[in-house]
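A.B. asks:
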Amino acid sequence: MQIALAPMEGLVDNILRDVLTRVGGIDWCVTEFIRVCDRLLPASSFDKLAPELRQGARTAAGVPMRVQLLGSDPVCLAENAALACELGAPVIDLNFGCPAKTVNKSRGGAVLLKEPELLHAIVREVRRAVPAHIPVTAKMRLGYDSPDGALDCARALAEGGSAHLVVHARTKVEGYKPPAHWEWVARVQDVVKVPVFANGEIWTVDDWRRCREVSGAEDIMLGRGLVSRPDLALQIAAARDGVDYQPLSWDELLPLLREFWRQAQAKLSPRYAPGRMKQWLAMLTRGYPEAVVLFAELRRENDCQRISGLLGYEPQVLEERVA
1 MQIALAPMEG LVDNILRDVL TRVGGIDWCV TEFIRVCDRL LPASSFDKLA
51 PELRQGARTA AGVPMRVQLL GSDPVCLAEN AALACELGAP VIDLNFGCPA
101 KTVNKSRGGA VLLKEPELLH AIVREVRRAV PAHIPVTAKM RLGYDSPDGA
151 LDCARALAEG GSAHLVVHAR TKVEGYKPPA HWEWVARVQD VVKVPVFANG
201 EIWTVDDWRR CREVSGAEDI MLGRGLVSRP DLALQIAAAR DGVDYQPLSW
251 DELLPLLREF WRQAQAKLSP RYAPGRMKQW LAMLTRGYPE AVVLFAELRR
301 ENDCQRISGL LGYEPQVLEE RVA
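In terms of UniProt numbering, the sequence shown is numbered consecutively and its last residue is 323.
1. Report the rounded CA-to-CA distance for Leu294 versus Asp241, giving the unit in angstroms.
2. Does the Cβ of Glu159 lie closer than 6 Å to at least one heavy atom of the ligand ATP?
3. Over what stretch of residues does the alpha helix (DSSP H) that includes Val75 continue unbroken?
4. Quick check on this structure: which residue in Arg170, Ala217 and Val191 has the alpha carbon closest to the alpha carbon of Glu201?
5. What are the boundary residues of the alpha helix (DSSP H) that includes Cys153?
6. Measuring alpha carbon to alpha carbon, tell me which of Glu9, Arg299, Pro274 and Val214 ends up nearest Ala180.
7. On the DSSP letters alone, give me the boundaries of the beta strand (DSSP E) that Gln68 sits inside.
8. Compute the distance between the beta-carbons of Leu298 and Lys278, then report whether it is under 7 Å.
9. Would Leu151 pass as a contact of Val191 if the rule is Cβ separation under 7 Å?
10. Tell me the start and end of each unbroken beta strand (DSSP E) in the segment 209-268 that is at least 3 residues and wholly inside, in chain order.
11. Is the number of C-beta pairs between the segment 61-77 and the segment 91-105 that are closer than 8 Å three or more?
12. Quick one: what does DSSP say Leu311 is sitting in, helix, strand or coil?
13. Taking three-plus beta-carbon pairs below 8 Å as touching, is the segment 76-91 in contact with the segment 35-42?
Here it is as structure tokens:
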């Protein structure tokens, strides 16, 4: 069983990847998508979204990181995939699941599920361009507005050379609205010979159990569920192994929040750092009553020093603990 951390644009950046992988239970993670249009990107574009490439394509906790590309031009994607490999990417992942309107309008993400032949061509060209020992993988949804073509898309990706598929079990139009149609993950697995990961609407251990029963998938990718409960991967692994596990308490989570805030201030301007903190804290309210209280206090606060006070963040003390 593998448990992966999902790529989520504007949310799971290198800061949150670092903090979440420190908790444990995650086998590998994926960058936010790197958009490829009509040219070979400079190395700085990869460094911006995948700075872990500078440290062996691993987070500080040692968790492997894969590079995800998004686009619709097979040749251009192949050239950029080859460059990513030169820069140290251990796996190239291709995005056919992003539901964002701006992305879809520029022929990226889930809109390509309308064109199985193009999916096949993209994976085929990328597979040809990267070294044989580097896997190429793909993430897809069930379709744009209907799952009717999901099996054709899955076959196109697998036959093009994808080493495995991650299936977000909803269409583009459904976005992130429940439910996730896990039964379609099983149908996809029936028509391809590569491993299939189930993704979507796994918020708790009970959700994982139901997903496994319905989808038959042993491998999973966790997105918002893991961001909301940073030890969800550990909880699931413990349930799988039949061992007792005490979920992460709020007091145990607070040091991670402070470390996130430290990195956000170091890497982002004072204008943007507060928003990133609030974004994660808002998601934590789903699993922690204490987060509800703290979010109410922080919601309208934009002064970094006052936010530090509310978080109990003392830079010198935290840096000594991290060291």
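Here a beta-carbon is modelled for each residue, glycine too, at the ideal position from N, C-alpha and C.
C.D. replies: The answer reads as follows:
1. Cα to Cα, Leu294 sits roughly 34 Å from Asp241.
2. This structure simply doesn't include the ligand ATP, nor any ligand for that matter.
3. Following the DSSP letters along the chain, one finds Val75 inside the alpha helix (DSSP H) bounded by residues Pro74 to Glu86.
4. Residue nearest to Glu201 within the set Arg170, Ala217 and Val191 is Arg170 (criterion: CA-CA distance).
5. Segment Ala150 to Gly160, the alpha helix (DSSP H) holding Cys153.
6. Ala180 has its Cα closest to that of Val214, out of Glu9, Arg299, Pro274 and Val214.
7. Its beta strand (DSSP E) spans residues Met65 to Leu70.
8. Against a cut-off of 7 Å, the Cβ pair of Lys278 and Leu298 comes out as a contact.
9. Cβ distance < 7 Å, so Leu151 and Val191 count as in contact.
10. Within the segment 209-268, the complete beta strand (DSSP E) segments of 3 residues or longer fall at 220-222, listed in chain order.
11. Pairwise C-beta distances place the segment 61-77 in contact with the segment 91-105, as three or more of them are shorter than 8 Å.
12. Here DSSP, grouped into helix, strand and coil, assigns Leu311 to helix.
13. Result yes; three or more Cβ-Cβ pairs closer than 8 Å.
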